[in-house]
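S.K.: With mature numbering (1 follows the signal peptide of the UniProt record, and there is no 0) applied, the sequence shown covers -21 to -1, 1 to 146.
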Amino acid sequence: MAHRSTSISTLLFWMQDVASQARNVKQDQNARASPSSSSLSRELTASLEQPDELISLVAFSGGQNMRVRVADDLKLFELLCEDSPTAIFKELSQATDAGEALLIRLLRTLAGMELPPAQNLRDRLPRQRCHQKNDGPPPVRAGLRFFYAQGPPILAQAPAYFQSERL
């Protein structure tokens, strides 16, 4: 997203609009943020971040993808969507057969991506209810696994291809 000069009053207006829609979605679990709020949120982020922050995000996105894939392999998404009280890392460790330190690292990434929202990663992680069974983990899992299998080799070869084709 291109960076552009934006007035402070416009940024404040965007922040209020995004915050208002986020509150509505939190209050009503069946509510969805409008597509414009997602676009507005991305525009707001692009207006506030520095170019080196964006480059850093892109550079480390492969690590995020890897952690999401490992979390999927451990079936963390299913465990986090269960309708039970907050999960404790020890319980998640026993349920997944993964070490607590690994889970903390994975869940920090997921929380940073708001998958699922986290309040206190050191002690507890609130469970997030899955809104609809059809929108839940299976389609996301299939897409994630497909990209993880096919994406990196294609992406690794893309720069050389574009250079050779002068695209």
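The beta carbon of each residue, even a glycine, is placed where N, CA and C say it ideally should be.
Return the first residue and the last residue of the alpha helix (DSSP H) that Q73 is part of.
M.R.: Where Q73 is concerned, the enclosing alpha helix (DSSP H) stretches over F68 to T75.
S.K.: Distance, Cα to Cα, P131 vs T(-12)?
M.R.: Cα-Cα distance, rounded: 39 Å.
S.K.: My understanding is that F68 touches E79, with C-beta atoms under 8 Å, so please give their C-beta distance in whole angstroms.
M.R.: Correct: roughly 5 Å between the Cβ atoms.
S.K.: Going by Cα to Cα distance, which pick from A128, R145, P138 and E32 is closest to M45?
M.R.: Nearest of A128, R145, P138 and E32 to M45, Cα basis: A128.
S.K.: Along the chain, where does the alpha helix (DSSP H) containing E57 start, and where does it finish?
M.R.: First-last of the alpha helix (DSSP H) with E57: L55 to L59.
S.K.: Report the three-state DSSP secondary structure of Q(-1) (helix, strand or coil).
M.R.: If DSSP states are grouped into helix, strand and coil, Q(-1) belongs with the helices.
S.K.: W(-8) and L23: beta carbons closer than 8 Å?
M.R.: Yes, these two residues count as a Cβ contact at 8 Å.
S.K.: Please classify Q29: does DSSP put it in a helix, a strand, or coil?
M.R.: Three-state result, Q29: coil.
S.K.: State the DSSP-derived secondary structure class of M92, mapped to helix, strand or coil.
M.R.: Three-state result, M92: coil.
S.K.: With distances taken between CB atoms, is the gap from residue 154 to A50 smaller than 8 Å?
M.R.: There is simply no residue 154 to check, as the chain begins at -21 and stops at 146 in what is shown.
S.K.: Taking just the CA atoms, how far does V47 sit from L89?
M.R.: If I take the Cα positions, the gap works out to 7 Å.
S.K.: Answer yes or no: does any C-beta atom of chain B fall closer than 8 Å to that of A128?
M.R.: Absent here is chain B; the protein component of the structure consists of one chain.
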